[in-house]
Structure formats: C-alpha cells, structure tokens
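Chains U and C, in that order, give the protein sequences.
With my numbering, letter number 352 in the first sequence gets 352, and the count goes up by one each step, no holes.
With my numbering, letter number 29 in the second sequence gets 29, and the count goes up by one each step, no holes.
Protein chains: 2
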Amino acid sequence: MDKDEFTVTPWEVKGEIDYDRLVSLFGTSYITPELLKRIPGSSGNLFLRRKIFYSHRDLEWLLENHEKGKSFYLYTGRGPSSGTHLGHMLPWIFTRQLQEMFGTQLYFQMTDDEKFLFKEQLTLEDTNRATYDNMLDFIALGFDPSKTKIIVDTRDIAHLYKIALKVSKKVTFSTAKAVFGFKNSTNIGSIFYTSIQSAPAFIESEMRGTNVPCLIPCGIDQDPHFRVTRDVAPLLGYYKPALIHGKMLPGLSGGKMSSSGEAAIYTTDSDEVIKKKVMNAFTGGRATVEEQRRLGANPDICPVYHHYEFLLEPDDDKLKKTYTDCRSGALLCGECKLNLLSKVLNFMKAHREKREKAKEIVSDFVFNAKVM
Amino acid sequence: MDKDEFTVTPWEVKGEIDYDRLVSLFGTSYITPELLKRIPGSSGNLFLRRKIFYSHRDLEWLLENHEKGKSFYLYTGRGPSSGTHLGHMLPWIFTRQLQEMFGTQLYFQMTDDEKFLFKEQLTLEDTNRATYDNMLDFIALGFDPSKTKIIVDTRDIAHLYKIALKVSKKVTFSTAKAVFGFKNSTNIGSIFYTSIQSAPAFIESEMRGTNVPCLIPCGIDQDPHFRVTRDVAPLLGYYKPALIHGKMLPGLSGGKMSSSGEAAIYTTDSDEVIKKKVMNAFTGGRATVEEQRRLGANPDICPVYHHYEFLLEPDDDKLKKTYTDCRSGALLCGECKLNLLSKVLNFMKAHREKREKAKEIVSDFVFNAKVM
C-alpha cells in the first residue's frame, strides 16, 4: 500500500486517512466557521472547535428548521463486536454534548446483527455479550434515560423491520455493490443489513406519524450507509437525515489507523495494561534524546498528541503548549506519555465507577416504541 | 414460448408444467408405492392416492424417525398478496390431513414481507389486509388451535430474525442468484428474504433446544427456497427439513397455469361470479356437440376435470366414470360444468360459514414462542 492510499468503509479503516480527500470523495461539506456560529455553544465544544467533527450533510437545513422551532432528534450507534475503547466513546461523548446543547431525544442503535453478519468468527452469543458490555460504557457517559433509548437490533427488530423492508425495496444489489463493494461471495444478510441501519433515521417519523428531522453524529466511515439512507428517504416520503461526521481517534501504535488490540485503550483494561499501551505508543519523536532536543519532534503524526487533542486535553492553551514544546524539543516523549497516562488513568478511574453504576440502570434505556 | 417450455419458481408459474421433468430438474424423489404404505392412512387420502402430492425430499428418513418414536412438526405457509382461491387451499387441506394423521404441531407462515418485497405495487397495508383475509380461510379449514400457530413475518419477526441471520450468513449472493435467478437490479430485501422463509424450519429446534425433524408440505414451486434451507441446515447444526411436494391446481382458463384473476375461484367470489367462472371455463371438449358425441373429449387437458380430480370428487369410482364418459363422448362439457358448479357452490357455502366463525378465533392461532 502506498503512503497515500487508505481505505475508509463502514467495516474497514486502514492507511493514513486524508480527511480532506474524504470530504471530496464522499461529497460531504465542511463545517464552516459561519455554520459553527449557528450551533449554540459550539465555541465551548472541543470536538467542534478543534474540527474533530468537521464535515456534514444538510446541517444547515437542520439548524434552520431548529431555529424555526422544528425540533430534531439524534441517532447514533455502535457495532458491538468487542469491548469499548476510547475511540468508540469519542462520538458518544460528542453526541451527549449535542443532546445537551439541543435538549433532544436520542436513539442509540446496537448493530449486533451487523457484527454477526460481517465478522466470520463471531456468534450471536459473542455479539450479545459485547452489546451488554458496550451498553455499560455508553450509559456511563451520563445520558439522560428519559431522553435516550438504546435499540438493540436483534432484540428490537420488531420496531425496525417494517421500516427496513421499505428501505430494502428501494435499494438494488447494484447500488449496494457500488456503495459497499460487495461481491458475489458476500452473504445475503450483509447485503440486506444497510436497511436495518437506515431504520432509526425514520423511526421517530413512523412513530409520530409526521416527519421529524434527524441528525446523525458518526465517524465519517459510516457515511456510505447514510448515503443510501438519504437517497431512499424521499422515495419513502421521509426527510433525509442530516449528518455530522467525525475523524477517528488514531491508534497508539501509530502510522496506520486501527481500532483494535494493542493500539487502543479499552475500558476494561487494567491500569497496568493501560500503562504498557501508553508507554509503548508510537510517537512523532526522534531516534535519540539528543536529536530530539536539537531538532524537536512532530506532534502532527503522533498518536499521543492526538489523544490530547481529540479528547484528553480540553484546555486549548495547554494543548498549544504541548504542541510547541514538542516541536521545539523542550518536551520529550517519555514525559509527554507519562502526562497522557495520568490523564487516561484519571479518565478511566472515573469511568469505571460510572460503568459500575450503569449496571443498575440498564433497563431505563430499553427501547419501547409505545412509550416514546 | 414453446409448448414444452414452462417456468416454475417461487414467484412465477407459467406454461404447461411437466411435473416429471421438475422432479429431475429439482432433483427430488417420487413418492413410491412402498413409501406411501408407510404413511398411516395414505390410501384414504385423496392427495396421496391420486399423486397430487407426488414428490418428496427425505420423507423416508422422517417416517423412519417417526416409527422410532421421534416426532416431527409440520411447517407450511402462504404469501398473502391477494384473496384466497381454491388452489391456495389445496395444500392447506392436505396439511390439515397430515396433521390429523400424525397428530403433529403445525406452523403456518404468512410471508407478508415476501409479497411486499417481490410485488412492486403492493404496500405493507395491502399485505396486511391480505394476511388477515387469508388467515380466515386457513382457520376455516378446521385446524386445531392448540396444535397450530400462525406466524406473520412482520408481526412475529422477533422470533424469526436471529434464525434468519444465521441462515443468511451461510448463503452467498452467488447462491441466491443461481437458485432464484436474481439480477443486479433485484432489491436487497428480496435477496435476503429466503432466510426468513427458512426460519420456521428450525424454529422448533431453537425453542426446544434440541433438534426436531420438520416436514414441509408445499407446492413444488417453493422447492428452491427449501433447497437453500436444506443446504444450510447442517452448517448450523440442524436437521434438514423433509419436504412433500404438490402439483398446482390448474386455472379454469386452461392451457397455461395461472393463480389469479378469471382463472381461479376465490373464497370471496359471489355465487354469480363463481357460476360465470365455471361456465366460462376452458375444457378438453370439441368444437361442436355432434363432434364431441362422436369423438369424445380430452379430460387430461381439462381444468374442469382437474378440479374434480384435485379436490372436488373424492369418490374414485365417480371420478373414473367422469373420465370415461368424457372420453367416450357420453358426458358433454355443459353438464360436466354444471355438476362442478354445484360442487363448488356447496364447498363455498360451507366454507363461507366456517370463514365467518373463524373471525372469532383468530387470536387462538397467534404465534407466541413462549407458550409453544
């Protein structure tokens, strides 16, 4: 693979992602400073201010409607194939912030069917375990259960299936093949699956019997699904869902982006394991201390720096100082890693406690179409 | 289309069907006289005796297990796209007889999702109406609600979806394309659908937590679905369902087989309409009375005769007399049609009454996985 090559699909992210190229490849729009001003509280939001969430579809339309008093709801989700790592939680945290900014309803979809279908080795028992596990991490982030419901595809299929059928009737194999790169050897469940991921984008309209705008915050890798959803929407008489796209938190092993294994910090990792992962992280540093003092290092390619930037250093001035000290050679990688480690351990300590408490309120988040 | 050409797929039946050629094309087996002897009460059964149900898969295995005390269950169904006609009810009546012969549990699947997906013009409201309509005809045939449950795909999807996912993971687009003739323009719901039709073949095994043999009585046009089901079964650790295949009741307009419109007698047709359909039926008769008296007619190509044979003349001697009198020219088409009309009207009169009563017990047939 050339340095410039990268792959971003809902099921595979590899290579060094060129996020600007994705905007033109996918045909999305940048969140401009003008647009940002229309989001209440956006300047106080790390993810928007730092362009971690940087691209969108129809956000302007959504905000215009909101300004006119037409409320929207939020929809995001998770494919439960394994435990939860920091990179997974990033869009969830942003979603919670959006929910607070706008006071909206949120549906969180656990696509356990997707993971079962797309991962050869996974059983439904595996995805069921991962669903519960991921759910705890989601709930631990502090969502308001009166406004937040978790849809588990295999459990709540009765509420999704009719909408999914309507979507699936409007999507040909040609389209699915073109959008997702399916082959003749792809299983027929995987081919159908995108219809299920479309369903929550229309579920509020179905339940209320009138069209309700929907905003989907997600990693930009999920955009292909929602391109299909958006193409189908007018054919079924629904609004197209608006989207707000985020970048993916780089893995600690550096270079290539990855969402699993050694490269990521899981919420179930012990402090020992976290320490090992952080201290062994790839950095933008030099081969020797002497060289680094003399020439400085490169934070732009450093996953340790990106962990500060994406999530763990909310103070812009401190982040800037880290950046300049790294560039100048004043900050060495060991010290920088220790600082990150301390932040990660603090985050995880608090998260573990909230995660334990989450176990007691899981049932408050169960989706029930009748009471929504 | 040549005279010899015909099409038999789960969604299209046209041309003059060569049922022997289907056995070799599909790779099924004839129900031999030896096998017939092993079915208790088969000699008293019109459909078996007259080879209306004439082909099978693994029926021998099923009967052997049954003889050893291993009970099986029955599964059949209906795609609710329109009202019910005599041809639809034929396999249901046979299924009820099988249920009585063996004292087994029966699942009847209403594939409303299938009809919605495969018929461009149908809405889910249309298929919902047809489902209720067809259900009444099914129940009117006298099924025992304690042993018979109706699965409506969109209503009962929660009980089917996980099994369907497991099936769909084992079926590639190549396979679905080869079996069903799908194209790139086929919608992704239709491609997935066969997984849903497979589910009831495994549902009893899933619910009991142990493998239970399943027998599927159906029109031979449905065999492609269950070839897929049977191929997948061992990969998922289930028994392959056994099948018993029936011929399709020819339409009254003759020549080409058809299941709709003028060619078929619907349970909601008035006596006037039925009379018109029967009296206008195509027959194997001659151009003039004189010619027919002299040369005789041909019952083998006559849908009026086939209506006697398939359902409405249970007395073999009387059926034989009709056949020979037709051949000899002693029986003219007008008289024969009037006789059939009288039988159809009697059947429908009784059916309408039972259909009305069925409305009161629909809820007794609702599928509920927990109580089965």
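The beta-carbon is built from N, C-alpha and C at its ideal position, and this holds for glycine as well.
Residue i (DSSP reduced to helix, strand or coil)
i                            : result
lysine 354 of chain C        : helix
isoleucine 39 of chain U     : coil
leucine 74 of chain C        : strand
phenylalanine 172 of chain C : A quick correction: the sequence has threonine, not phenylalanine, at residue 172 of chain C. Strand at threonine 172 of chain C.
lysine 166 of chain C        : helix
serine 24 of chain U         : helix
isoleucine 150 of chain C    : strand
lysine 183 of chain C        : coil
phenylalanine 347 of chain U : helix
phenylalanine 143 of chain C : coil
arginine 50 of chain U       : coil
leucine 387 of chain U       : Past the boundaries of the shown model lies residue 387 of chain U; chain U is included only from 1 to 372, so the question cannot be answered.
glycine 44 of chain U        : helix
proline 303 of chain C       : helix
Through-space distance from residue j to residue i, alpha-carbon basis
i                            : j                        : result
glycine 296 of chain U       : aspartate 18 of chain U  : 24 angstroms
histidine 159 of chain C     : tyrosine 161 of chain U  : 12 angstroms
lysine 320 of chain U        : arginine 355 of chain U  : 32 angstroms
aspartate 113 of chain U     : glutamate 290 of chain U : 53 angstroms
arginine 352 of chain U      : leucine 86 of chain U    : 13 angstroms
leucine 165 of chain U       : serine 195 of chain U    : 7 angstroms
glycine 38 of chain C        : lysine 51 of chain C     : Inspection of the sequence shows that residue 38 of chain C is occupied by arginine rather than by glycine. Rounded to whole angstroms, arginine 38 of chain C to lysine 51 of chain C spans 15 angstroms at the Cα level.
lysine 177 of chain U        : glycine 334 of chain C   : 58 angstroms
glycine 284 of chain C       : serine 270 of chain C    : 26 angstroms
arginine 293 of chain C      : histidine 56 of chain C  : 41 angstroms
phenylalanine 118 of chain U : threonine 186 of chain U : 9 angstroms
alanine 199 of chain C       : leucine 215 of chain C   : 13 angstroms
leucine 46 of chain C        : proline 10 of chain U    : 56 angstroms
valine 340 of chain C        : valine 278 of chain C    : For the record, residue 340 of chain C in the displayed sequence is leucine; it is not valine. Roughly 8 angstroms separates the two Cα atoms.
phenylalanine 6 of chain U   : glutamate 16 of chain U  : 6 angstroms
methionine 257 of chain U    : glutamate 12 of chain U  : Bear in mind that the predicted position of methionine 257 of chain U carries a pLDDT of just 45, short of 50, making it unreliable; the figure below should be weighed with that in mind. The straight-line gap from Cα to Cα measures roughly 10 angstroms.
glycine 69 of chain U        : threonine 148 of chain U : 21 angstroms
leucine 136 of chain U       : tyrosine 132 of chain C  : 42 angstroms
histidine 88 of chain C      : glutamate 125 of chain U : 40 angstroms
arginine 227 of chain C      : serine 81 of chain U     : 31 angstroms
cysteine 326 of chain U      : leucine 311 of chain U   : 18 angstroms
lysine 240 of chain U        : leucine 62 of chain C    : 52 angstroms
Beta carbon proximity, residue i to chain C, threshold 9 angstroms
i                         : result
alanine 158 of chain U    : yes
isoleucine 151 of chain U : no
glycine 209 of chain U    : no
asparagine 368 of chain U : no
tryptophan 11 of chain U  : no
arginine 155 of chain U   : yes
isoleucine 203 of chain U : no
threonine 131 of chain U  : no
serine 24 of chain U      : no
serine 185 of chain U     : yes
serine 71 of chain U      : no
threonine 172 of chain U  : yes
alanine 233 of chain U    : no
Residue(s) in a DSSP beta bridge with residue i
i                      : result
serine 342 of chain C  : In DSSP, serine 342 of chain C forms no bridge with anything.
glycine 15 of chain C  : C:Phe6
tyrosine 30 of chain U : U:Ser55
valine 366 of chain U  : U:Ile150
heavy atom of the ligand SAM below 8 angstroms from residue i C-beta
i                       : result
tyrosine 193 of chain C : Of the ligands one can find in the structure shown there are none, so the ligand SAM has no counterpart to examine.
Residue-level contact to chain U via CB, residue i, 9 angstroms cutoff
i                            : result
alanine 264 of chain C       : no
serine 81 of chain C         : no
isoleucine 188 of chain C    : yes
phenylalanine 182 of chain C : yes
aspartate 269 of chain C     : no
aspartate 126 of chain C     : no
threonine 194 of chain C     : yes
isoleucine 301 of chain C    : no
query = Can you give, in chain order, each stretch of the alpha helix (DSSP H) that sits fully within the stretch 84-120 of chain U and has at least 4 residues?
reply = Counting only runs of 4 or more residues that sit fully inside the stretch 84-120 of chain U, the alpha helix (DSSP H) segments are 86-102, 112-118, in chain order.
request  = Give, in chain order, every unbroken run of the alpha helix (DSSP H) that is at least 4 residues long and sits entirely within the stretch 186-221 of chain C.
outcome  = The alpha helix (DSSP H) runs of length 4 or more contained entirely in the stretch 186-221 of chain C are, from start to end of the chain, 188-198, 200-208.
ask   = Considering only residues of the stretch 230-296 of chain C, which uninterrupted beta strand (DSSP E) runs meet the minimum length of 3 residues and lie entirely inside it, listed in chain order?
value = 242-246, all fully within the stretch 230-296 of chain C.
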